[in-house]
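Q:
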Amino acid sequence: MKLAFDAPIIEWRGPPPYLFVAVPDHLVGEVAYAAREVSYGWGMVPATVRIGRTDFTTALFRRGDTYMLPIKVAVQRAEGVGFGDRVAVTMQVDSVSRR
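Letter by letter, the sequence shown follows residues 1257 to 1355 of the working numbering.
(1) Measure how close the beta-carbons of Phe1276 and Trp1268 come, nearest whole angstrom, since I'm counting them as under 8 Å.
(2) Would Met1347 and Val1305 be called neighbours here (beta carbons separated by less than 7 Å)?
(3) Please state the DSSP three-state secondary structure of Asp1311.
(4) Between which residues of its own chain and Met1300 is the CB-CB distance below 6 Å, once the five residues before and five after are set aside?
(5) Is the Cβ-Cβ distance between Val1279 and Ile1307 less than 7 Å?
(6) Let me check one thing: in DSSP terms, what residues is Arg1306 bridge-paired to?
(7) Exposed or buried, Ala1330, counting other C-beta atoms within 10 Å across all chains shown (16 or more means buried)?
(8) According to the neighbour-count rule (16 or more other Cβ atoms, all chains shown, within 10 Å of its Cβ), is Tyr1289 buried or exposed?
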């Protein structure tokens, strides 16, 4: 399942640089539906993500009423983004091979 959205980067309460994007409310149901098939350990949802020109694999996790998308430090640096910046996200939720 492929999703695209714009959202601000938020900070996790803890030592930096733990930055995330929350999946918008109108897409949470779609992620939850896909998670039934692809979720692993503690409800992690594998995804292939693109922000700007940077592709990466990660896993979303449920937090309250949304899913949190971790933004890796390498992605933050490559794209020059940080806390408060709005980013365009393209995300493929499916079983991702781990390397």
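Where a beta carbon is used, it is the ideal one built from N, C-alpha and C, also for glycine.
A: Taking the definition as stated:
(1) So it is a contact: roughly 6 Å between Cβ atoms.
(2) Yes.
(3) Of the three classes helix, strand and coil, the one that applies to Asp1311 here is strand, per DSSP.
(4) The answer, listed in chain order, is Ala1315 and Phe1317.
(5) No, Cβ-Cβ distance for Val1279 and Ile1307 is not below 7 Å.
(6) In the DSSP assignment, the residues bridged to Arg1306 are Asp1311 and Thr1346.
(7) So Ala1330 counts as exposed.
(8) It counts as exposed.
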